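Asks: Those protein sequences? They're chains A and B, same order as listed. Per the working numbering, the first sequence starts with residue 645, numbered consecutively. Per the working numbering, the second sequence starts with residue 631, numbered consecutively. Don't be surprised by glycine CBs; every beta carbon is placed ideally from N, CA and C. Treat the numbers as computed from the prediction; the structure is a model and nothing was measured.
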Amino acid sequence: MEIIPESAELSLSGENLLKLMKDVHMKGGSLRFTAKGYSMTPSIRHNDVITISPLPDRNLRSGDIVLFKKDENSQIVVHRIIKKRSGNYLMRGDNSDESDGWVTGNMIYGVVTGIERNGRTRFCAGSSDDSFSRSILLKFYYVAINLRRKIVKFIMLFRKKRT
Amino acid sequence: MTEIDKNLKYRLTENVVSREIEGEIIIVPLTAGIGDAEDDLFSLNETGKAVWGYLDGTNSVQEIIDLLEKKYESDKNGITDDVTGFLSELLSRQIIEAV
Numbered sequence: 645m646e647i648i649p650e651s652a653e654l655s656l657s658g659e660n661l662l663k664l665m666k667d668v669h670m671k672g673g674s675l676r677f678t679a680k681g682y683s684m685t686p687s688i689r690h691n692d693v694i695t696i697s698p699l700p701d702r703n704l705r706s707g708d709i710v711l712f713k714k715d716e717n718s719q720i721v722v723h724r725i726i727k728k729r730s731g732n733y734l735m736r737g738d739n740s741d742e743s744d745g746w747v748t749g750n751m752i753y754g755v756v757t758g759i760e761r762n763g764r765t766r767f768c769a770g771s772s773d774d775s776f777s778r779s780i781l782l783k784f785y786y787v788a789i790n791l792r793r794k795i796v797k798f799i800m801l802f803r804k805k806r807t
Numbered sequence: 631m632t633e634i635d636k637n638l639k640y641r642l643t644e645n646v647v648s649r650e651i652e653g654e655i656i657i658v659p660l661t662a663g664i665g666d667a668e669d670d671l672f673s674l675n676e677t678g679k680a681v682w683g684y685l686d687g688t689n690s691v692q693e694i695i696d697l698l699e700k701k702y703e704s705d706k707n708g709i710t711d712d713v714t715g716f717l718s719e720l721l722s723r724q725i726i727e728a729v
């Protein structure tokens, strides 16, 4: 009789991951898992390991990276809050041109508090740290990634026109 | 290998989350408050699943063995070794604790 480590083999579907995460959050813990996809590049890259913590006591704010579902039947997504209005949140991936639309607060299940790439911890804009310097850094970071996206888009367009 | 006292009762510790997902029991130990779906996720084989349901602190190890013997009509020594070996592994990983 044995218990079997599942590290390499187990791939939880979004819904099962959400259930497991809710259980972990109920105990006040956080859950680490590998992020898949490119919509949050460069903040979160494909195969980065992210830590999702329970929602903080403070209100969520623009810049926080959160795990949410757009509606009951949709997939779980990890994207950034870009606007907030009367309890609803406008979400967008850092690498996406279009927003995901508005999401109600009860569809947000956790906040990203850690990002690891190749075993090293990365800067996580929008973590639970609420200091003034962090919020300034967050604003700068958010402007920078938007600028980066626009520059990349411009370069791609320029190259396309030349060819 | 951690010795298992068959007169003791065991239960899950506070630092573990378990959930049945698609027929598998998935166990996530919380280390420093973090459940690690990267490195420390476990599932149980069939016999492990059979024992898992009894780990609520109400049955002693000997009672669990007796219950499983009746349920599976299997070799007594085999079941005893399996159960104590399994519990020993869970205990060493701090997934269970004696009541």
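What does Arg649/B reach in chain A if we use C-beta pairs closer than 7 angstroms?
Replies: By one-based count along the second sequence, residue 649/B stands at place 19. Lys663, Leu664, Asp667, listed in chain order.
Asks: Listing by chain order, which chain A residues have their CB less than 7 angstroms from the CB of Asp666/B?
Replies: Taking the second sequence and counting its residues from 1, the one referred to as residue 666/B is at position 36. The answer, in chain order, is Arg676.
Asks: Excluding the 5 residues preceding and the 5 following Ser690/B in the sequence, name in chain order all residues of the same chain whose CB lies nearer than 6 angstroms to its CB.
Replies: Numbered from 1 along the second sequence, position 60 holds the residue referred to as residue 690/B. Answer for Ser690/B: Asn637, Lys639, listed in chain order.
Asks: Which chain B residues are close to Gly672/A, counting only those with a beta carbon under 9 angstroms from its beta carbon?
Replies: In the first sequence, residue 672/A corresponds to position 28, counting from 1. Under the 9 angstroms cutoff, chain B gives Leu660, Gly663.
Asks: Say whether chain C places a C-beta atom closer than 8 angstroms to the C-beta of Thr695/A.
Replies: Note that chain C does not occur in the displayed structure, where the protein chains are A and B.
Asks: I'd like to check one pair, Pro698/A with Gly672/A: are the Cβ atoms closer than 8 angstroms?
Replies: One-based indexing of the first sequence puts residue 672/A at position 28. One-based indexing of the first sequence puts residue 698/A at position 54. Yes, the pair counts as a contact, with Cβ atoms nearer than the cut-off.
Asks: For Val668/A, which three-state DSSP category applies?
Replies: Taking the first sequence and counting its residues from 1, the one referred to as residue 668/A is at position 24. Helix at Val668/A.
Asks: What separation, rounded to the nearest whole angstrom, lies between the Cα atoms of Glu652/B and Gly763/A?
Replies: As a first step, residue 652/B must be located in the second sequence, where it is residue number 22. As a first step, residue 763/A must be located in the first sequence, where it is residue number 119. Near 30 angstroms, if we compare the C-alpha coordinates of Gly763/A and Glu652/B.
Asks: If we count the other Cβ atoms within 10 Å of its Cβ and call it buried at 16 or more, is Arg676/A buried or exposed?
Replies: Sequence index remark: in the first sequence, residue 676/A carries index 32 (1-based). Arg676/A is buried by the Cβ-count criterion.
Asks: Which residues of chain B have a Cβ atom closer than 9 angstroms to the Cβ of Asn660/A, listed in chain order?
Replies: Along the first sequence, read from residue 1 onward, the residue named residue 660/A stands at position 16. Within 9 angstroms Cβ-Cβ: Arg649, Ile651, Glu652, Ile656.
Asks: Taking just the CA atoms, how far does Val646/B sit from Glu653/A?
Replies: The count along the first sequence starts at 1 and reaches residue 653/A at position 9. The count along the second sequence starts at 1 and reaches residue 646/B at position 16. Residue placement at Glu653/A is poorly supported in this model, since its pLDDT is 47, which falls under 50; the coordinates still yield a value, given next. Taking the straight line joining both Cα atoms gives about 20 angstroms.
Asks: Spatial neighbours of Val668/A within its chain, please: CB distance less than 8 angstroms, with the 5 preceding and 5 following residues excluded, ordered by chain position.
Replies: Position 24 of the first sequence, counted from the start, is the residue given in the question as residue 668/A. The answer, listed in chain order, is Ser674, Leu675.
Asks: Taking 8 angstroms as the threshold (C-beta atoms), are Leu685/B and Arg649/B in contact?
Replies: What you label residue 649/B is simply residue 19 of the second sequence in a count that begins at 1. What you label residue 685/B is simply residue 55 of the second sequence in a count that begins at 1. In this structure, Leu685/B does not lie closer than 8 angstroms to Arg649/B by Cβ.
Asks: For Ile795/A, count the other beta carbons within 10 Å of its own beta carbon; 16 or more makes it buried, fewer makes it exposed. Which is it?
Replies: Within the first sequence, numbered from 1, the residue matching residue 795/A stands at position 151. Under this definition Ile795/A is an exposed residue.
Asks: Just reading off the alpha helix (DSSP H) that Asn707/B is part of, what are its end residues?
Replies: By one-based count along the second sequence, residue 707/B stands at place 77. Here the alpha helix (DSSP H) through Asn707/B covers 706-722.
Asks: Just the C-alpha distance for Gly681/A and Asp738/A, rounded to the nearest angstrom, thanks.
Replies: The count along the first sequence starts at 1 and reaches residue 681/A at position 37. The count along the first sequence starts at 1 and reaches residue 738/A at position 94. Cα to Cα, the separation comes out at about 12 angstroms.
Asks: Find out if the Cβ-Cβ distance for the pair Met684/A, Phe712/A is shorter than 8 angstroms.
Replies: In the first sequence, counting from the first residue as 1, residue 684/A sits at position 40. In the first sequence, counting from the first residue as 1, residue 712/A sits at position 68. In this structure, Phe712/A does not lie closer than 8 angstroms to Met684/A by Cβ.
Asks: Would you mind stating whether Arg702/A and His723/A have Cβ atoms separated by less than 8 angstroms?
Replies: Here residue 702/A corresponds to residue number 58 of the first sequence, with the count starting at 1. Here residue 723/A corresponds to residue number 79 of the first sequence, with the count starting at 1. No, the Cβ-Cβ distance between Arg702/A and His723/A is not below 8 angstroms.
Asks: Please state the DSSP three-state secondary structure of Ala652/A.
Replies: Looking up residue 652/A in the first sequence gives position 8. Here the model assigns Ala652/A a pLDDT of 41, short of 50, so the residue's position is not dependable and the matter cannot be decided.
Asks: According to DSSP, which residues form a beta bridge with Ser690/B?
Replies: Residue 690/B sits at position 60 when you count from the first residue of the second sequence. The partner list for Ser690/B (beta bridge, DSSP) reads Lys639/B.
Asks: Look at the alpha carbon of Ile664/B and the alpha carbon of Asn717/A, and state the distance between them as a whole number of angstroms.
Replies: Here residue 664/B refers to the residue found at position 34 when the second sequence is read from its first residue. Here residue 717/A refers to the residue found at position 73 when the first sequence is read from its first residue. Answer to the nearest angstrom: the Cα atoms are 28 angstroms apart.
Asks: Among Ile655/B, Thr677/B, Leu697/B, Ile656/B, which has the Cα closest to the Cα of Gly715/B?
Replies: As a first step, residue 715/B must be located in the second sequence, where it is residue number 85. With distances taken between Cα atoms, Gly715/B lies closest to Thr677/B.
Asks: Out of Gln692/B, Ile657/B, Thr661/B, which one is the CA nearest neighbour of Asn675/B?
Replies: Counting from 1 along the second sequence, the entry for residue 675/B is found at position 45. Per the Cα distances, Ile657/B.
Asks: Under the three-state reduction of DSSP, which class applies to Arg806/A: helix, strand or coil?
Replies: Sequence index remark: in the first sequence, residue 806/A carries index 162 (1-based). Of the three classes helix, strand and coil, the one that applies to Arg806/A here is helix, per DSSP.
Asks: Pick from Leu664/A, His690/A, Ser687/A: whose alpha carbon is nearest that of Ala667/B?
Replies: By 1-based counting over the second sequence, the position of residue 667/B is 37. Looking at the Cα atoms, Leu664/A is the closest of the given residues.
Asks: For a quick check, are the C-beta atoms of Val756/A and Tyr733/A less than 8 angstroms apart?
Replies: Here the question's residue 756/A lines up with position 112 in the first sequence. Here the question's residue 733/A lines up with position 89 in the first sequence. No, they are not a contact pair.
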